[in-house]
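**Student:** There's a structure below that I have some questions on.
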Ligand SMILES: Nc1nc2c(c(=O)[nH]1)N[C@H]1C(S)=C(S)[C@@H](COP(=O)(O)O)O[C@H]1N2
Ligand SMILES: [Mo]
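In UniProt numbering, the protein residues as written are 1 to 301.
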């Protein structure tokens, strides 16, 4: 890869929350400028991204371990103990083991990424994440030649997660990516929002973000990452395979069986705001379309 993709906006472009940004967490603006030049079209052609307010991002959530209401996670997720935390990295890696969150943070370079976020339920936000590339973490563990997929697992703590006594999903929440998707420079592990530690309701302390896929792929509060040869099971696919596939790439041309995916409601834009058109691969087509060259995106939904 000739360049590492950086967000198309600099911290100075972010709304007033930028005042709180921890400058040390942000990659130098010279590098951000390079990313702007290198990434070219897609994002800029569609105009600057206007991030949602911190209050929207942290009060309107999906995190079913804390309840299925949009405001349940903000009310209940404080019960989750996020420190100390460790994530097991195992399977087809050279250095399997329990990686302490603190050690991971020592080793990784945290930067800001302002990404579109599109839920399969047809609402969207723009979120200024802080995080590091998943590829860097996987390389730290040493990906072996036979690995083709990456499986992820969320913590399962009935004492701290009031939602898991309901069999809404087959707990723990699990997700997966193809290895090339996991290694793509747009794929990050988020550890912050607006320069603050990521709130529990958003998946503290370590959560996946894959901006060209529907939000449910972005699994929260990860305790295990396993490199596998076979496609791993994923929670929503297990719950309803006809409605939720393994790929779940944002695609305005492939509708959900029960609703259209052609447009989306922008959270925080007001009760009477117009819906906006949903973009192919959520606006990241230029960066990721080649991953799916020759694939039937209707069959591989
Ligand atoms: N463990 C876990 N991860 C999860 C979910 C969940 O219920 N449990 N919900 C998913 C869905 S459907 C969405 S849209 C996003 C929501 O992320 P946000 O609350 O940070 O906006 O988290 C995803 N990750
Ligand atoms: Mo979602």
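By construction, the Cβ of each residue, glycine as well, lies at the ideal position given by its N, Cα and C atoms.
For residue 140, which residues in the same chain have their Cβ closer than 7 Å to its Cβ, ignoring the five residues on either side in sequence?
**Tutor:** Answer for residue 140: 107, listed in chain order.
**Student:** With contact counted as at least three CB pairs below 8 Å, one residue from each stretch, are the segment 159–166 and the segment 190–201 in contact?
**Tutor:** No, the segment 159–166 does not touch the segment 190–201.
**Student:** Looking at the secondary structure, which residues open and close the beta strand (DSSP E) in which residue 152 lies?
**Tutor:** Here the beta strand (DSSP E) through residue 152 covers 149–154.
**Student:** Helix, strand or coil for residue 83, going by three-state DSSP, please let me know.
**Tutor:** Coil, per DSSP.
**Student:** Would the C-beta of residue 220 count as close to ligand 1, meaning under 8 Å from any of its heavy atoms?
**Tutor:** Within the cutoff, so yes.
**Student:** Could you tell me how far apart the beta carbons of residue 229 and residue 80 are, in whole angstroms, since I believe they sit closer than 8 Å?
**Tutor:** Contact flag wrong, Cβ pair sits at about 32 Å.
**Student:** DSSP on residue 222, reduced to helix/strand/coil?
**Tutor:** Note: residue 222 maps to strand in three-state DSSP.
**Student:** Please say whether residue 244 and residue 216 have beta carbons closer to each other than 9 Å?
**Tutor:** Closer than 9 Å, so yes.
**Student:** Buried or exposed: residue 105, going by 16 or more other Cβ atoms within 10 Å of its Cβ?
**Tutor:** Residue 105 comes out exposed.
**Student:** Residue 73 lies in the alpha helix (DSSP H); which residues open and close that run?
**Tutor:** Counting along the chain, the alpha helix (DSSP H) containing residue 73 begins and ends at 72–76.
**Student:** Between which two residues does the beta strand (DSSP E) carrying residue 189 extend?
**Tutor:** Segment 188–193, the beta strand (DSSP E) holding residue 189.
**Student:** For residue 115, list the residues DSSP reports as bridge partners.
**Tutor:** In the DSSP output, where bridge partners are listed per residue, residue 115 has 127.
**Student:** Let me check understanding here. Comparing Cα to Cα, which of 114, 249, 110 and 242 lies closest to residue 176?
**Tutor:** Checked all of 114, 249, 110 and 242; the closest Cα to residue 176 is 249.
**Student:** For the beta strand (DSSP E) containing residue 122, list its first residue and its last residue.
**Tutor:** First-last for residue 122: undefined, no H or E at that position.
**Student:** Would you say residue 338 touches ligand 2, meaning its beta carbon is less than 8 Å from a heavy atom?
**Tutor:** The question about residue 338 has no answer, for the chain in this structure spans 1 to 301.
**Student:** Out of 275, 133, 102 and 118, point me to the one whose CA is closest to residue 112's CA.
**Tutor:** Of the listed residues, the one whose Cα sits closest to residue 112 is 133.
**Student:** Go ahead and pull the three-state DSSP assignment for residue 94.
**Tutor:** Residue 94: coil per DSSP, three-state reduction.
**Student:** Less than 8 Å between the CB of residue 62 and some heavy atom of ligand 2, yes or no?
**Tutor:** Yes - ligand 2 has a heavy atom lying nearer than 8 Å to the Cβ of residue 62.
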